[in-house]
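Residue numbers (our numbering): 41 to 262. Don't be surprised by glycine CBs; every beta carbon is placed ideally from N, CA and C. Take a look at the structure set out below.
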């Protein structure tokens, strides 16, 4: 590959550049900030948790964004993103473990293991649990690689580097395959998500600055 076709962290011409003041986590979303609750999410929230009345999406005095509010009691249903905890497991040989996803979205493509953080666990516990559930590997979480906003899905993805300290690789319904890749052999053209792409870019920049990631493929759409 021509060196001019490679990119450094945050250096994807046009597509992928964070807007001013959005921060590096904005690289992984194509939705403008400040647009309020996504319509698909608002459509799933119909009734007030306070009185059972009907929720309506609209302008609220003193609020900058449209909100879901109850016509009966005035309760405002604030909608916040969910946290997805993910792991970049590294073997003793310095290889990075990825899974080939068995579920949509991204079925058949590669991503890091991870999932939604449970309300009754810490981030560290969530990283360990999700990694073991999807790969059979036991990990010791280490440094945070980055945060990646995905406004389209109303999630924030946290990527944590971890050392593989035990367990045995196994496939699951969520992971059709589990493989350890040398940093120079990451399957960039088959990466499932934008959040995964940017987490890998940031990890590579930190651990292997002599290597550079290719520009993000347009087919990485989620």
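If the criterion is Cβ atoms closer than 9 Å, does the pair residue i and residue j meet it?
i: residue 210; j: residue 155; result: no
i: residue 75; j: residue 117; result: no
i: residue 212; j: residue 170; result: no
i: residue 152; j: residue 139; result: yes
i: residue 125; j: residue 149; result: no
i: residue 239; j: residue 128; result: yes
i: residue 221; j: residue 135; result: yes
i: residue 244; j: residue 223; result: yes
i: residue 199; j: residue 216; result: no
i: residue 71; j: residue 214; result: no
Tell me where the alpha helix (DSSP H) around residue i begins and ends.
i: residue 242; result: 234-247
I need the boundaries of the beta strand (DSSP E) containing residue i, first residue and last residue.
i: residue 250; result: Unbroken run through residue 250: none, as it is neither H nor E.
i: residue 207; result: 195-207
i: residue 173; result: No beta strand (DSSP E) holds residue 173; the alpha helix (DSSP H) holding it covers 163-175.
i: residue 129; result: 122-130
i: residue 155; result: 154-156
i: residue 133; result: Segment: none, residue 133 is in no beta strand (DSSP E) and carries neither H nor E.
i: residue 216; result: 215-221
Pop quiz: residue i and residue j are said to be a contact at Cβ under 8 Å. What is the actual Cβ separation, rounded to whole angstroms?
i: residue 195; j: residue 121; result: 5 Å
i: residue 69; j: residue 256; result: Incorrect: roughly 13 Å between the Cβ atoms, too far for contact.
i: residue 201; j: residue 182; result: 5 Å
i: residue 95; j: residue 108; result: 5 Å
i: residue 203; j: residue 218; result: Not really, about 16 Å apart at Cβ, beyond 8 Å.
i: residue 85; j: residue 119; result: 7 Å
i: residue 242; j: residue 185; result: 5 Å
When burial is assigned at 16 or more other CB atoms within 10 Å of the CB, is residue i buried or exposed?
i: residue 197; result: buried
i: residue 53; result: In this prediction, residue 53 scores a pLDDT of 30, lower than 50, which makes its location untrustworthy; no coordinate-derived value is stated.
i: residue 166; result: buried
i: residue 42; result: Residue confidence is low: residue 42 scores 32 on pLDDT, short of 50, so the model does not pin down where it sits. No coordinate-derived value is stated.
i: residue 249; result: exposed
i: residue 335; result: Not covered by the structure: residue 335. The range shown for the chain is 41 to 262.
i: residue 51; result: At residue 51 the pLDDT is 33, less than 50, meaning the model places this residue with poor confidence; the figure from the coordinates comes in the next sentence. Exposed, by the Cβ-count rule.
i: residue 132; result: exposed
i: residue 111; result: exposed
i: residue 61; result: exposed
i: residue 98; result: exposed
i: residue 44; result: Summary for residue 44: the model assigns pLDDT 31, below 50, so the residue's position carries little reliability, and this model does not support an answer.
i: residue 105; result: exposed
i: residue 251; result: exposed
i: residue 137; result: buried
i: residue 92; result: exposed
i: residue 130; result: buried
i: residue 66; result: buried
Indicate whether at least one CB of chain C lies closer than 9 Å to the CB of residue i.
i: residue 145; result: In the displayed structure, chain C is absent; only one protein chain is listed.
Looking at residue i and the ligand ZN, is the gap between the Cβ and the nearest heavy atom below 8 Å?
i: residue 80; result: Of ligands this structure carries none, so the ligand ZN is not represented either.
Check your understanding: Curious, which full-length alpha helix (DSSP H) runs of at least 4 residues does the region 57-109 contain?
Key -> Within the region 57-109, the complete alpha helix (DSSP H) runs of at least 4 residues are 79-82.
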